[in-house]
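Asks: Before anything else, here's the structure in question.
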Amino acid sequence: MDYSSTINLPKTDFPMKAGLKEKEPKIIKKWEEEKIYQKLRELRKEAPKCILHDGPPYANGDIHIGTALNKIIKDIIVRYKSAKGFNSPYIPGWDCHGMPIELKVQESLGDKYRETSKFIMRKKCRAYAQKYIDIQRKQFKRLGVMGDWENPYLTMSPEYESEIVSVFSQLVERGYIFKGLRTIHWCIHCETALAAAEIEYDDNHVSNSIYVRFPVLNKINDKLNGNVDVMIWTTTPWTLPSNMACAFNKNLEYAAVKIGDRYAIMTTTLIETVLSKNNLTLEGIEIIPISIEEIEKLEIAHPFIENRKSVVVFADYVEATSGTGIVHTAPGHGLEDYQTGLNYNLDIYCPVDREGRYTSDYKEMEGVRVTDANPKIIEILKNNGRLFYKEDISHSYPICWRCKNPLIFRATDQWFMNMKHDNIDERTVKSLENIKWYPIWGHDRMKKMLDNRPDWCLSRQRSWGVPIPAFYCKKCGKTLLTSESTKHFAEIVKTKGMDIWFELEPKDLLPAGTKCECGSDEFGKEEDILDVWFDSGVSSFASQKTNKDLDGNFPVEIYLEGGDQYRGWFQAAIWPSMAIRGIPPYKELITHGWTLDENGKAMHKSAGN
550 MDYSSTINLP
560 KTDFPMKAGL
570 KEKEPKIIKK
580 WEEEKIYQKL
590 RELRKEAPKC
600 ILHDGPPYAN
610 GDIHIGTALN
620 KIIKDIIVRY
630 KSAKGFNSPY
640 IPGWDCHGMP
650 IELKVQESLG
660 DKYRETSKFI
670 MRKKCRAYAQ
680 KYIDIQRKQF
690 KRLGVMGDWE
700 NPYLTMSPEY
710 ESEIVSVFSQ
720 LVERGYIFKG
730 LRTIHWCIHC
740 ETALAAAEIE
750 YDDNHVSNSI
760 YVRFPVLNKI
770 NDKLNGNVDV
780 MIWTTTPWTL
790 PSNMACAFNK
800 NLEYAAVKIG
810 DRYAIMTTTL
820 IETVLSKNNL
830 TLEGIEIIPI
840 SIEEIEKLEI
850 AHPFIENRKS
860 VVVFADYVEA
870 TSGTGIVHTA
880 PGHGLEDYQT
890 GLNYNLDIYC
900 PVDREGRYTS
910 DYKEMEGVRV
920 TDANPKIIEI
930 LKNNGRLFYK
940 EDISHSYPIC
950 WRCKNPLIFR
960 ATDQWFMNMK
970 HDNIDERTVK
980 SLENIKWYPI
990 WGHDRMKKML
1000 DNRPDWCLSR
1010 QRSWGVPIPA
1020 FYCKKCGKTL
1030 LTSESTKHFA
1040 EIVKTKGMDI
1050 WFELEPKDLL
1060 PAGTKCECGS
1070 DEFGKEEDIL
1080 DVWFDSGVSS
1090 FASQKTNKDL
1100 DGNFPVEIYL
1110 EGGDQYRGWF
1120 QAAIWPSMAI
1130 RGIPPYKELI
1140 THGWTLDENG
1150 KAMHKSAGN
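The opening position of the sequence shown corresponds to residue 550 in this note's numbering, with each subsequent residue numbered one higher.
This is the structure we're talking about:
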């Protein structure tokens, strides 16, 4: 018997299966056809604004699951603010310049890269960026993220690039920008300087650790008259050709320890540790104390370069926790070494080129990469009897954020933003108290990063980016960088685009009648470009000029990104804002966590997981 006709079941036209794969595109198409976003803007045009400013992703590939998470969270917040009655436009952006894109184009060119002009390279980079802007835009829209997708801000648009130069001009006018010889992190693979925000660390990097004897040339006292060495410890043997000094600490005690037929000077605290390296003990070892006054008078020879002396210097960073209590000092290859070099008027000697090869300044190893030099240096020390001990150690070491290769310190002329000028460092740290932080510990994390922040290295030795609009007098070599010249160039860029820098002569890029103080009107152009973090860092200025929905809204309510942006975009954005406007660019700073793979590791596009 059929009982179905006796049962009163509910009926619906709603399908039994969601079929989202087919339905979602139809829903998105309906939103676009009915202009839902535009209608919402019209509906809320008189309402108070609440702006979530989009941190621009790189236009260098398909979106990643982490990028999707970021955009979806932003979409939720923007929709919520709109539902609460705010006028909350969402203007997406893209970061279009920089290493990620240039390296991809470089790979595609292969061996032809070296012979490709900067102008052609930039055209290819622009086309590559535009390709992935279009791809990513389609992918973000497919996620259902609502925004003004046809009017995004692009860091490579002429209007935006003009604003980058304009902000730079204002920093020049206010005295924040300078050029100087500094020892900075350098990537020999990418062949460019890196700022603090671009440095990551490999906690398991393996280095050659060596203890080296530097011969003492003079009589120290009646007991120590010949056969005496200063013992140093280093994990960068390749920097020894650049040694200019041996650094001691006046607060440590030192002694000469007889090892074999020679004495080795080191801090008394570490004598037993150093001896144990060669299976020696204190038993029967002669130890002769040495005063600081005697150390000050030491004449020290370089361990393998003839007619080179290594002078005695003193520094508080020399500790008795490892090594020998005496630090090999190469001002051209270390931050602390560089500062010590300035304090003692040492030569900032750096015989290493942009590819990490020794130059003709160190002829014995000219052309050898520093990454291949350690075994050769160690062999020299073995052969002349200056090597006391060698071992390999695993420790934390800086690597490039892009190529993941080890970095070196290298002294070069670079452009910087002065982080002490007008007390910007102190003012910025104090301003953090006026920001709402989610999570709350974000305040302390940011403060820790801003405290004692070094000057921002703004220059990069690449092609795809915004050129630093500086000029050099061909007669006297003096640099020309003024607010007048940079403002003039910004106006040219607004109408003709940034590539004009590579097309026109300096006289056509400078205000009419520009002359150097020496009277010459013949100039050359700067070849470095600005750090890509500066591009995105000024987005709070530039996006207002390129989109009417954001015009006049400063500071914005919300910046929201992953936790890695404390050292990246959050910092890059706050410095120009504090320098020019005196306040942070955001009222609330929100960070979210990572998407994790099956091994619990953060998923990143660069990691391939």
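For every residue, glycine included, the Cβ atom is placed at its ideal position computed from N, Cα and C.
All values reported here derive from a predicted model rather than from experimental measurement.
Which residue from Asp1080, Ala1061, Ala1128 and Leu1109 puts its Cα closest to that of Phe1090?
Replies: Comparing Cα positions, the closest option is Ala1128.
Asks: Nearest CA to the CA of Lys985: which residue from Arg959, Leu658 and Ile1107?
Replies: Selected option, being the one with the closest Cα: Ile1107.
Asks: Can you tell me whether Lys807 is helix, strand or coil according to DSSP?
Replies: Correct three-state label for Lys807: strand.
Asks: According to the Cβ coordinates, are Ile839 and Ala864 closer than 9 angstroms?
Replies: Cβ atoms of Ile839 and Ala864: not closer than 9 angstroms.
Asks: Using 10 angstroms around the beta-carbon of Asn792, count the other beta-carbons present and answer buried if the total reaches 16, otherwise exposed.
Replies: Under this definition Asn792 is a buried residue.
Asks: Would you kindly check if the distance between the Cβ of Phe1072 and the Cβ of Leu1029 is under 9 angstroms?
Replies: Yes, the pair counts as a contact, with Cβ atoms nearer than the cut-off.
Asks: Classify Asp603: buried if its beta carbon has 16 or more other beta carbons within 10 angstroms, exposed otherwise.
Replies: The residue in question, Asp603, is buried, as its Cβ has 16 or more Cβ neighbours within 10 Å.
Asks: Could you compute how far the alpha carbon of His738 sits from the alpha carbon of Asp752?
Replies: Approximately 20 angstroms, taken between the alpha carbons.
Asks: Quick one: Cα of Glu1033 to Cα of Asp683, how far?
Replies: Each residue's alpha carbon lies about 37 angstroms from the other.
Asks: What is the rounded straight-line gap between the Cα of Tyr662 and the Cα of Val917?
Replies: Approximately 22 angstroms, taken between the alpha carbons.
Asks: Ignoring anything shorter than 3 residues or poking outside the region 827-892, list the beta strand (DSSP E) runs there in chain order.
Replies: Runs found: 836-839, 858-863 and 876-878.
Asks: Pull up the DSSP beta-bridge partners for Glu740, would you.
Replies: Its beta-bridge partners do not exist; DSSP assigns none.
Asks: What ranges does the alpha helix (DSSP H) occupy inside the region 576-630, keeping only unbroken runs of at least 4 residues that lie completely in it?
Replies: Within the region 576-630, the complete alpha helix (DSSP H) runs of at least 4 residues are 585-592.
Asks: State the DSSP-derived secondary structure class of Leu995, mapped to helix, strand or coil.
Replies: Here the sequence assigns Met to residue 995, which means Leu is not the residue at that position. It is helical.
Asks: Assuming His1153 is part of the beta strand (DSSP E), what are its boundary residues?
Replies: Where His1153 is concerned, there is no enclosing beta strand (DSSP E), given that its DSSP letter is neither H nor E.
Asks: Going by beta carbon distance, what residues of the same chain come within less than 6 angstroms of Asp1100, once the five residues before and after it are set aside?
Replies: Answer for Asp1100: Gln1093, listed in chain order.
Asks: Go through its chain and collect everything with a Cβ distance to Asn1158's Cβ below 6 angstroms, but skip five positions before and after it.
Replies: Around Asn1158: Asp1146 and Met1152.
Asks: Starting from the N-terminal side, write out each stretch of the alpha helix (DSSP H) that is 4 residues or longer and does not extend beyond the region 1066-1098.
Replies: Here the runs fully enclosed are 1081-1086 and 1088-1095.
Asks: Which residues mark the beginning and the end of the beta strand (DSSP E) in which Arg959 is found?
Replies: First-last of the beta strand (DSSP E) with Arg959: Ile957 to Met966.
Asks: With H, G and I counted as helix, E and B as strand and the rest as coil, what does DSSP make of Cys674?
Replies: Reduced to three states, the DSSP call for Cys674 is helix.
Asks: Could you give the residue range of the beta strand (DSSP E) that holds Asn1124?
Replies: The residue you asked about is not Asn; residue 1124 is Trp in the sequence shown. Element bounds for Trp1124: not the beta strand (DSSP E) but the alpha helix (DSSP H), Trp1118 to Ile1129.
Asks: If we count the other Cβ atoms within 10 Å of its Cβ and call it buried at 16 or more, is Ala1039 buried or exposed?
Replies: By the 10 Å Cβ count, Ala1039 comes out buried.
Asks: Tell me the rounded alpha-carbon separation between Asp562 and Gly1112.
Replies: Going by the C-alpha atoms only, they are around 46 angstroms apart.
Asks: Pick from Arg675, Asp644, Pro641 and Asn636: whose alpha carbon is nearest that of Gln655?
Replies: Gln655 has its Cα closest to that of Arg675, out of Arg675, Asp644, Pro641 and Asn636.
Asks: Taking all protein chains shown into account, decide if Pro564 is buried (16 or more other Cβ within 10 angstroms of its Cβ) or exposed.
Replies: So Pro564 counts as exposed.
Asks: For Pro1060, count neighbouring Cβ atoms within 10 angstroms of its own Cβ and tell me buried if that reaches 16, exposed if not.
Replies: With fewer than 16 other Cβ atoms within 10 Å, it is exposed.
Asks: Check for me: the beta strand (DSSP E) holding Met796 runs from which residue to which?
Replies: First, the residue type needs correcting, since residue 796 is Ala and not Met in the sequence shown. Ala794 to Phe797 is the extent of the beta strand (DSSP E) around Ala796.
Asks: Once DSSP output is grouped into helix, strand and coil, what is the label at Ser706?
Replies: In the structure shown, Ser706 sits in coil (DSSP, three-state: anything other than H, G, I, E or B).
Asks: Which residues does DSSP list as the beta-bridge partners of Asp941?
Replies: DSSP, once it has assigned bridges, lists Asn757 as partnering Asp941.
Asks: Give the range of the alpha helix (DSSP H) segment to which Phe1020 is assigned.
Replies: Premise fails: Phe1020 lies in the beta strand (DSSP E), Phe1020 to Cys1022, not in any alpha helix (DSSP H).
Asks: Roughly how far, in whole angstroms, is the beta-carbon of Ile781 from the beta-carbon of Ile875, given that I think they are within contact range, below 8 angstroms?
Replies: Right, the Cβ-Cβ distance comes to about 5 angstroms (below 8 angstroms), so this counts as a contact.
Asks: Give the secondary structure of Val1015 by DSSP, where H, G and I count as helix, E and B as strand, and everything else as coil.
Replies: Coil, per DSSP.
Asks: Is it buried or exposed for Phe717, if we count other Cβ within 10 angstroms and need 16 for buried?
Replies: When all chains shown are included, Phe717 counts as buried.
Asks: Give the straight-line distance between the Cα atoms of Arg686 and Trp698, rounded to the nearest whole angstrom.
Replies: Taking the straight line from one Cα to the other gives about 7 angstroms.
Asks: Between which two residues does the beta strand (DSSP E) holding Trp782 run?
Replies: First-last of the beta strand (DSSP E) with Trp782: Val777 to Thr783.
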